[in-house]
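Residue numbers for the sequence shown follow full-length UniProt numbering, beginning at 1 and rising by one. Beta carbons are placed, not taken as given, at the ideal position from N, Cα and C, and that holds for glycine. Let me begin by presenting the structure, written as C-alpha cells, before commenting on it.
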Amino acid sequence: MFCKKCGAELYPGAKFCGVCGASSAATDNKVNASLSGKEHPSTEIHGEIHSQVTSARYQSRRRIPVALVVALVILGLATLASAAYLVYTQVLNPNPPVQEESVVDSPESEDVEDKQESDNAEAPTDKETSTDETVDNGSAAAAEEVVPPAVVHDYECDAFYVDVPDYWVMSDESVNEEGQINWNVTDNGDGTYLLHQSDYAGSSGNTYVYVGVPVPSYCTYYGTTSDGRDVYVGTFAGGSFLDTDATLTLK
Numbered sequence: 001m002f003c004k005k006c007g008a009e010l011y012p013g014a015k016f017c018g019v020c021g022a023s024s025a026a027t028d029n030k031v032n033a034s035l036s037g038k039e040h041p042s043t044e045i046h047g048e049i050h051s052q053v054t055s056a057r058y059q060s061r062r063r064i065p066v067a068l069v070v071a072l073v074i075l076g077l078a079t080l081a082s083a084a085y086l087v088y089t090q091v092l093n094p095n096p097p098v099q100e101e102s103v104v105d106s107p108e109s110e111d112v113e114d115k116q117e118s119d120n121a122e123a124p125t126d127k128e129t130s131t132d133e134t135v136d137n138g139s140a141a142a143a144e145e146v147v148p149p150a151v152v153h154d155y156e157c158d159a160f161y162v163d164v165p166d167y168w169v170m171s172d173e174s175v176n177e178e179g180q181i182n183w184n185v186t187d188n189g190d191g192t193y194l195l196h197q198s199d200y201a202g203s204s205g206n207t208y209v210y211v212g213v214p215v216p217s218y219c220t221y222y223g224t225t226s227d228g229r230d231v232y233v234g235t236f237a238g239g240s241f242l243d244t245d246a247t248l249t250l251k
C-alpha cells in the first residue's frame, strides 16, 4: 500500500502517512496497479528519506562512543589528581606548617588604641612623678654641692683684698683691752693705700700699698694684677702690717 499523495509506502494498518501525514483511508488501487510494472516516483523519494535517516542514525551511533571516551578520560584524570593529592598530604607531607592568622584591626579599634596611648603619655603615673621629683631633688642637691660658698674678705678693692685673723677688730680707735688688735685700711684715692694695725701694748705696723703709680725708692715690688698693674709695698715708722698674721692678695 502506498500514499496517494506522496507515494510513500505505508505499513499495514497505518492510518496516516509517516512522510506527509495524509490519511491512508482512500487508497487508489488503480494507481498502485498501474505502477506495479514501473517504479513509482514516491519510491525514489522514500528511498532518499530512508537513506538520510539511516545516515543520521549511523552518525549518532558514532558520536556516542566519542563522548563517552572523553568523559571517561576526564574522570580518570580527576581520579589520578585526587590520588596524587592524597599521597602528598598523607605520606610526603603529613604535617604542613601552620600559618599564623593575621588579625586585621578595624579603624575604630586603631583609633581607640591611639587615644589610650595619648592619654597614657599625657597622664604620668604616680611612680613616674615621684621618680621625677627624686631626680630633680638629687640634681638640686648636686648643684648645691658643686657651687662653692661665696668668700667674704675682710677688705677688698679693685686691685687686692686683705684677710686678717678673726680676733682682729676693724677700727681706727686706740686699743683699750689687753690682747685686742685693731686694724684699718685707708684709701687715699690716688692708687695708694695705708694698712695699719695696733695692739694694747702700743706696738703697731704700717704698710703702704702702691697700685700702678710711681713709688718711692724704698718700696719693694709685690706683684702684678690681672689687668697688668704693678703693685709695690713699703714700710715705715715701726713694723710692717704684713709681718703679722694678715695677708694681702692681688686680683
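Inter-residue distance for GLU177 and SER204 is about 15 Å (C-alpha atoms, whole angstroms). For GLN197, the uninterrupted beta strand (DSSP E) run begins and ends at 192 to 199, by DSSP.
By the 16-neighbour rule on beta-carbons within 10 angstroms, ALA246 is buried. Taking all protein chains shown into account, VAL87 has fewer than 16 neighbouring C-beta atoms within 10 Å of its C-beta and is therefore exposed. Between GLY21 and LEU77, the alpha-carbon positions lie close to 50 Å from each other. Here THR235 carries a strand assignment [DSSP, helix/strand/coil]. A direct Cα-to-Cα measurement between ASN182 and GLY202 gives close to 11 Å. CYS219 sits close to GLY234, with the two beta carbons spaced by under 9 Å.
Excluding the 5 residues flanking it on each side, THR224 has same chain C-beta neighbours closer than 6 Å at ASP230, in chain order. THR89 is classed as exposed because its beta carbon has fewer than 16 other beta carbons within 10 Å across all chains shown. Annotation for ASP163: the continuous beta strand (DSSP E) segment containing it runs 160 to 163. In the structure shown, LEU68 adopts helical secondary structure according to DSSP, grouped into three states. At least 9 Å separates the beta-carbon of VAL152 from that of GLN197. Taken through DSSP and simplified to helix, strand or coil, SER204 comes out as strand. In the DSSP assignment, MET170 forms a beta bridge with TRP183.
In this structure, DSSP gives GLY76 a helical state, which the three-state scheme calls helix. Taking a 10 Å sphere around the C-beta of VAL70, we find fewer than 16 other C-beta atoms and assign the residue as exposed. THR207 is classed as buried because its beta carbon has at least 16 other beta carbons within 10 Å across all chains shown. With respect to VAL209, TYR222 sits close: the two C-beta atoms are nearer than 9 Å.
Judged by DSSP secondary structure, GLY223 falls within the beta strand (DSSP E) whose first and last residues are 220 to 224. Distance between GLY13 and LEU68, taken at the CA atoms: about 40 Å. Between the alpha carbons of ASP243 and ASP158 lies a gap of roughly 23 Å.
In this structure, VAL213 places its C-beta atom within 9 Å of the C-beta atom of GLY191. In this structure GLY228 is exposed. Its beta-carbon is surrounded by fewer than 16 other beta-carbon atoms within 10 angstroms.
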